[in-house]
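J.: In this text, residue positions in the first sequence follow the working numbering: the first is 3, and each later residue adds one.
Glycine included, every Cβ here is placed at the ideal spot set by N, Cα and C.
Everything numeric in this text was worked out from a predicted model, so none of it was measured.
The structure under discussion is supplied below as structure tokens; questions concerning it will follow.
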Amino acid sequence: MEIPKRSYNCGELSVQNVGESVHLYGWVYHRRHHGGLFFLDLRDRYGLIQVVFRPENAKLFSEAENLSGEDVIYIKGVVVQRPVDAFNKDLPTGEVEVLAEKLDVLNKSKVPPFQIEDEVKATEEHRLEWRYLDLRRPIMQKGIIQRHKAAQATREYLNKNDFLEIETPILMKSTPEGARDYLVPSRKHKGKFYALPQSPQTYKQLLMISGYDRYYQLARCFRDEDLRADRQPEFTQIDIEMSFVNPEDVMEMAEGLLSHIIFKTRGISLKTPFLKLKYSDALTRYGSDKPDLRIPLEIQDFSDVAKNSGFKIFASCIQNGGVVRGLKIPGGAQLSRSELDQLAKDIECFNAKGLVNFKISGAEISSPILKFLSEGEIAKLREIYKPGDGDIIFMVADSETVVANSLGFLLTHLAERFNLYSKETFTPLWITDMPLLEHSETEDRLMATHHPFTAPVEKDIPLLLENPMAVKAKAYDLVLNGFEIAGGSIRNHKVDVQRKVFEAIKISESEAEEKFGFLLNALQFGAPPHGGIAFGFDRLVMLIAGETSIRNIIPFPKTTTALSLMDGSPTTVKPEQLEELGIKLIKEKGK
RNA sequence: GGGGUCGUAGUUCAGUAUUUGGUUAGAACGCCGGCCUGUCAAGCCGGAGGUCGCGAGUUCGAGUCUCGUCGGCCCCGCCA
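Structure follows, in structure tokens:
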């Protein structure tokens, strides 16, 4: 088949091209048949161009009539200006059209399983099953193109700032800490396994030790954990590490990088330096370690009033070491009884046992618990929350964590429900002063909040063993519009501090030696002070593209059960393949 | 591991609750056929198209009730 050289794409013709003979390629989009006149929208990733067929050329006209949606075709024609009253102002190419002289169908298309249009009419299940068709939709192409631009802006900025792009292995050593590893069996060494990287963390530290003092990589990472709208089993990080730096140096660089990416993709300039918020303050004030500062709502503490309250639940909660905090929602008094019940039910998943509300109507306050409160307490309530007509105040009395989670949920949920903020802005902030360690309920032991290579604040080092929970980390998270989009820290570059951290999280010396011996060794050969950060690239692109799921900016994502609906992976493999790897399958009980 | 929600023409949905479980399961878009010379989500007329996710059960009778199972999405746990 001869393929004449494409002269223009479908999005670039204008009145300046009138009179030119052009060779166009694209997919058949909408067809409009008027009996004696046939219009065709030809589509490619650049745009749409209208092609006109006139009946004078009977053979060509009947060929056009036989086209169906999504056929891929070649058009030879002449660019002509449309009649002035037939301009299409919604189309960049809307003042011209191509008068067809020749049509070649390069490949017919079957009737697609769903219509290829911007407005999503197919369920996500279908879109994933027919992903290559879903990706033809202009809105999907826009997201993929923005992803490309964000990647290029990343490289642009980091290259300009002396960073080296260096690749690290995909087959690496399984690590005990952190997420579940994806394992890869070794054929040469039966019974042994590689792991896919959860992140290139140890490699980038080794690169610092090797003297590559500024490293970056758009690194694919793999974590075998349960999925969410913003979590996929494999995802991409902008992974960065720097030598001879303080937290402030890394943060400043990250601010510059994020600003550059947002500017290059959306044309928006961010104000630097970004706001900084202590981890504990974020939890008390916003009920979240990743607050969305676009939302103009804040939680206020009521514990001081509640501790002597006649409302016994409040008083006993404080006595038992809990807190009572509240959140005012402007205009929230219109919530119905059933909606309030639903909200109380919604926060049950955070272990909240109840939700108290105060509705304000003019000068009146109404509440199921009003009769238990003294006038003084009500005066305090007014003083703290300064409610206006039509507002509602929600209060939760429970442990610090339950209160934060519950009110944090209500804050974002109701801000959305009452449309209390503009979504068009980008509001980044740093979360700092995080604890180095936290207690894991599931494993009933101390674990690294960030990862075990994070450096403690110097003055806290002596506390590592006697009061480990009090130790603060030299770590920082970057939050954008309610999503954690980056996190990093200064690392332990002294082997004794690193050993102490391992000891604090109960990794024995022999285990540390076995799992991380290579790193402990390396730290003893002139390891420079170093630290870094990693951006969740998919989440960042999601926010840039205005999407609410990272699946929409990942070309071929998995479902929430980690299936690929298009190719059906994961699949069983031939017994011979298993045998070669020395692997025997265990039958699941009852199957 | 747990909670919620959804699954009905090719596609998106209505129909399922308290008016009870009842004869031929509807609509829109798409598809097929016809008419139509300035449309651009073209329009008008006609037509085909269904294992109601799958499997049991209750019942004279199940899209509708019960149990199981598979799958999508959202959330908790988990995600150093």
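1. To which residues does DSSP link N359 through a beta bridge?
2. Comparing C-alpha positions only, which one of D120, I395, P298 and V54 sits nearest to R327?
3. How is Y281 classed by DSSP in three states: helix, strand or coil?
4. Tell me the rounded alpha-carbon separation between V525 and I433.
5. Given this structure, state the Cα-to-Cα distance separating S201 from A155, to the nearest angstrom.
6. Assuming Q599 is part of the beta strand (DSSP E), what are its boundary residues?
7. Using the rule of at least 16 other Cβ atoms within 10 Å of the residue's Cβ for burial, across every protein chain shown, is V307 buried or exposed?
8. Check whether the Cβ atoms of P187 and F224 sit closer than 8 Å, and answer yes or no.
9. Three or more C-beta pairs under 8 Å: does that hold for the region 324-338 against the region 386-405?
10. Counting only runs that start and end within the region 90-131, where is the alpha helix (DSSP H) found for 4 or more residues in a row?
11. Along the alpha helix (DSSP H) that carries I211, what are the first and last residues, could you check?
12. Determine the burial state of S602: buried for a count of at least 16 other Cβ atoms within 10 Å of its Cβ, exposed for fewer.
13. Throw me the rounded Cβ distance for the P464 and A506 pair, which I believe falls under 8 Å.
14. Assuming D540 and I552 make a contact with CB atoms under 8 Å, what is their CB distance in whole Å?
15. Give the secondary structure of V148 by DSSP, where H, G and I count as helix, E and B as strand, and everything else as coil.
16. With the cut-off set at 8 Å, would you say V30 and S70 are in Cβ contact?
17. If distances are taken between C-alpha atoms only, which option among G538, L101 and E126 comes closest to E22?
18. In terms of residue numbering, what span does the beta strand (DSSP E) encompassing A450 cover?
19. Residues in its own chain within less than 8 Å of Q336 by CB, not counting five upstream and five downstream?
20. Taking the straight line between their C-alpha atoms, what separation do you get for I509 and K502?
21. Taking all protein chains shown into account, do 16 or more other C-beta atoms lie within 10 angstroms of the C-beta of V481, making it buried, or fewer, making it exposed?
22. Could you check if P530 is buried or exposed, using at least 16 other CB atoms within 10 Å of its CB as the buried criterion?
23. Any idea which residues DSSP pairs Q52 with across the strands?
24. Which runs of the beta strand (DSSP E) spanning at least 3 residues fall entirely within the region 500-578, listed in chain order?
25. Excluding five sequence neighbours on each side, which residues of the same chain lie with their C-beta closer than 8 Å to the C-beta of F246?
26. Out of Q52, V98, S111 and Y48, point me to the one whose CA is closest to N68's CA.
27. Indicate the three-state DSSP secondary structure (helix, strand or coil) for I349 in the structure shown.
28. Checking the sheet assignment: what are the DSSP bridge partners for M174?
29. Tell me which residue opens and which closes the alpha helix (DSSP H) that Q302 is part of.
30. On the CB-based measure, 16 or more other CB atoms within 10 Å of its CB, does Q52 come out buried or exposed?
31. Which of helix, strand or coil does DSSP assign to A477?
32. In chain order, which alpha helix (DSSP H) runs of at least 4 residues are fully inside the region 245-272?
33. Is the region 487-504 close to the region 443-455, with three or more CB pairs under 8 Å?
34. Can you tell me whether DSSP reads Q234 as helix, strand or coil?
T.: With the structure as the only source:
1. Working through the first sequence from its first residue, we reach residue 359 at position 357. DSSP lists F396 as partners of N359.
2. Position 325 of the first sequence, counted from the first residue, corresponds to residue 327. Selected option, being the one with the closest Cα: I395.
3. Numbered from 1 along the first sequence, position 279 holds the residue referred to as residue 281. The answer is helix: DSSP assigns Y281 an H, G or I state.
4. Locating residue 525 in the first sequence gives position 523, where the first residue counts as 1. Locating residue 433 in the first sequence gives position 431, where the first residue counts as 1. Correcting the residue identity first, residue 525 is Leu in this sequence and not Val. Looking at the two C-alpha atoms, the distance is approximately 28 Å.
5. Within the first sequence, the letter at position 199 stands for residue 201. Within the first sequence, the letter at position 153 stands for residue 155. Computed Cα separation, rounded: 22 Å.
6. Since the first residue of the chain shown is 3 and the last is 593, residue 599 is not available in this structure.
7. Residue mapping note: residue 307 aligns to position 305 of the first sequence, counting from 1. It counts as buried.
8. Stepping through the first sequence from its first residue, residue 187 is reached at position 185. Stepping through the first sequence from its first residue, residue 224 is reached at position 222. For P187 and F224, no; Cβs fall outside 8 Å.
9. yes
10. 126-131
11. Start at 1 with the first residue of the first sequence, and residue 211 comes out as number 209. Q203 to I211 is the span of the alpha helix (DSSP H), which, as asked, contains I211.
12. This structure gives no information on residue 602, because the portion of the chain shown stretches from 3 to 593.
13. Here residue 464 is taken as the residue at index 462 of the first sequence, counted from 1. Here residue 506 is taken as the residue at index 504 of the first sequence, counted from 1. Not a contact, Cβ separation roughly 12 Å.
14. Against the first sequence, residue 540 aligns to sequence position 538. Against the first sequence, residue 552 aligns to sequence position 550. The Cβ separation is near 4 Å, so the contact holds.
15. Taking the first sequence and counting its residues from 1, the one referred to as residue 148 is at position 146. Residue 148 is actually Gln in this sequence, not Val. Collapsing the DSSP output to three states places Q148 in a helix.
16. By 1-based counting over the first sequence, the position of residue 30 is 28. By 1-based counting over the first sequence, the position of residue 70 is 68. In this structure, S70 lies closer than 8 Å to V30 by Cβ.
17. If you number the first sequence from 1, residue 22 lands on position 20. Relative to E22, the option among G538, L101 and E126 whose CA is nearest is L101.
18. In the first sequence, residue 450 corresponds to position 448, counting from 1. Note, A450: beta strand (DSSP E), R447 to A450.
19. Here residue 336 refers to the residue found at position 334 when the first sequence is read from its first residue. Cβ within range, chain order: G392.
20. Taking the first residue of the first sequence as position 1, residue 509 is located at position 507. Taking the first residue of the first sequence as position 1, residue 502 is located at position 500. Whole-angstrom Cα-Cα distance: 10 Å.
21. Residue 481 sits at position 479 when you count from the first residue of the first sequence. So V481 ends up on the buried side.
22. The residue given as residue 530 occupies position 528 in the first sequence. So P530 ends up on the exposed side.
23. By 1-based counting over the first sequence, the position of residue 52 is 50. Answer is D43.
24. 532-538
25. Looking up residue 246 in the first sequence gives position 244. Contacts found: D215, P530, P531 and H532.
26. Counted from its first residue, the first sequence places residue 68 at position 66. Looking at the Cα atoms, S111 is the closest of the given residues.
27. Against the first sequence, residue 349 aligns to sequence position 347. Here I349 sits in helix by DSSP.
28. Here residue 174 refers to the residue found at position 172 of the first sequence. A197.
29. Start at 1 with the first residue of the first sequence, and residue 302 comes out as number 300. Annotation for Q302: no alpha helix (DSSP H) segment contains it, though the beta strand (DSSP E) segment containing it runs I301 to D303.
30. On the first sequence, position 50 is the one that residue 52 refers to. Burial call: buried.
31. Against the first sequence, residue 477 aligns to sequence position 475. Of the three classes helix, strand and coil, the one that applies to A477 here is strand, per DSSP.
32. Counting whole runs of 4 or more residues, the region 245-272 contains the alpha helix (DSSP H) stretches 249-268.
33. Output reads yes: the region 443-455 touches the region 487-504.
34. Within the first sequence, the letter at position 232 stands for residue 234. Reduced to three states, the DSSP call for Q234 is coil.
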